[in-house]
Amino acid sequence: MTQAELRQAMVETCRQMNSTGINQGTAGNLSVRSGDGFLITPSSLPYDQMGPDDLVEMDFDGSYGGRRPSSEWRFHRDILKNRTDIDVVLHCHSVYATTLACHHREIPAFHYMVGVAGGTTIRCADYATFGTQALSDAALKALKGRLACLLGQHGQISLGRTLDQALWLAIEVETLSRLYVQALPLGDPPVLPDEEMARVIEQMKRMSYGQGPEPEGSNDIARPRG
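Here is the structure:
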């Protein structure tokens with residue numbers, strides 16, 4: 001993908017964040033690894049007014065060119081710097097995930113799909129003021145061994161190798177959050193044991209679950225004809 005194509009794809013993903021309902025107004029932000037640095041959405045610019053040239057080039061030392069970057073640039077930089085297994089960081093204020101985050105409530109393995117975030121829970125990071133190094137440190141801790149987390153009294157972060165993967169995961173985290181919020185009035189739902197979640201996560205890795213078409217040979221039951 002060329003630099004121009006990447007910028008256009010980022011703009012389209014940002015607009016999808018709003019059209020799918022996981023983000024509102026100028027909340028949320030998006031970054032993608034690019035060359036020796038990364039591209040990040042600018043500060044306080046509505047996505048429907050944002051064009052490819054408005055995206056900000058940043059280096060890992062915190063320097064940038066062009067528009068002022070998102071106020072959350074620190075956790076984007078630190079996650080991309082410390083997580084070489086991913087290339088995209090998506091942050092949004094999806095309603096149900098934020099509802100749980102307001103109670104500092106992690107999402108347990110009440111449903112097997114919690115495993116798509118890489119573990120037996122989707123953790124909730126401690127609260128810290130937006131845009132601060134303290135928030136970045138809290139996010140890194142909550143994301144250890146995970147692809148998604150909630151941010152205390154704030155929102156959610158989802159990671160991916162590609163824009164499509166990060167957006168898919170953010171929507172899935174919001175869906176799980178909604179299910180969990182709706183299940184709680186009936187009482188705390190039963191939680192799948194760690195041994196079962198280990199099997200689920202291994203199966204997801206084997207099938208590249210949520211990351212596009214399954215690789216050939218990953219499913220030993222269903223086979224194409226011919």
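full-length UniProt numbering puts the first residue of the sequence shown at 1, with every later residue one more than the last. All residues carry an ideal CB built from backbone N, CA and C; glycine is no exception.
Under 9 angstroms between C-beta atoms of residue i and residue j
{"i": "C124", "j": "L80", "result": "no"}
{"i": "L55", "j": "Y112", "result": "no"}
{"i": "V114", "j": "E174", "result": "no"}
{"i": "V89", "j": "L30", "result": "yes"}
{"i": "C14", "j": "G28", "result": "yes"}
{"i": "G131", "j": "S71", "result": "yes"}
{"i": "P46", "j": "T26", "result": "yes"}
{"i": "S177", "j": "Q156", "result": "yes"}
{"i": "A198", "j": "P189", "result": "no"}
{"i": "L167", "j": "Q16", "result": "yes"}
Neighbourhood of residue i by C-beta distance below 6 angstroms, restricted to the same chain and skipping five residues each side
{"i": "F146", "result": "Reading the sequence as shown, one finds Arg at residue 146 and not Phe. So the list reads A117, G118, G119, once near-sequence residues are dropped."}
{"i": "A148", "result": "A117, I122, S158, L169, V173"}
{"i": "H104", "result": "C124, G152"}
{"i": "A65", "result": "Note that residue 65 is Gly in the sequence shown, not Ala. So the qualifying residues of the chain are E57."}
Closest by C-alpha distance to residue i, when choosing among the options
{"i": "A101", "options": "W73, A142, D137", "result": "A142"}
{"i": "residue 227", "options": "H91, F75, E195, D194", "result": "Only positions 1 to 226 of the chain appear in this structure, which leaves residue 227 out of reach."}
{"i": "I122", "options": "T129, A97, D137", "result": "A97"}
{"i": "I201", "options": "F38, A170, A109, P189", "result": "A109"}
{"i": "D53", "options": "A183, V181, P42", "result": "P42"}
{"i": "Q165", "options": "Y209, Q8, D194, Y180", "result": "Y209"}
{"i": "Q49", "options": "E12, L186, T99, D126", "result": "E12"}
{"i": "T99", "options": "H154, Y64, T129", "result": "H154"}
Cβ-based neighbour list, residue i, same chain, cut-off 8 angstroms, excluding 5 preceding and 5 following
{"i": "Q24", "result": "N18, H93"}
Cβ shell of residue i (< 7 angstroms), same chain only, five flanking positions each side left out
{"i": "T73", "result": "Residue identity differs from the one stated: residue 73 is Trp in this sequence, not Thr. Cβ neighbours of W73 beyond the five flanking positions: I40, M58."}
For residue j and residue i, believed in contact at Cβ under 8 angstroms, the rounded distance
{"i": "R206", "j": "I86", "result": "With a Cβ gap of about 19 angstroms, R206 and I86 do not count as contacting."}
{"i": "residue 269", "j": "N82", "result": "This structure cannot settle anything about residue 269, because the visible part of the chain is limited to 1 through 226."}
Runs of beta strand (DSSP E) wholly within the region 113-201 (minimum 3 residues, chain order): Complete beta strand (DSSP E) runs here, min 3: 148-151, 155-160.
Could I get the ranges of all uninterrupted beta strand (DSSP E) runs contained in the region 17-48, with 3 residues as the minimum, in chain order? Fully contained in the region 17-48 are the following beta strand (DSSP E) runs of length 3 or more, in chain order: 29-34, 37-40.
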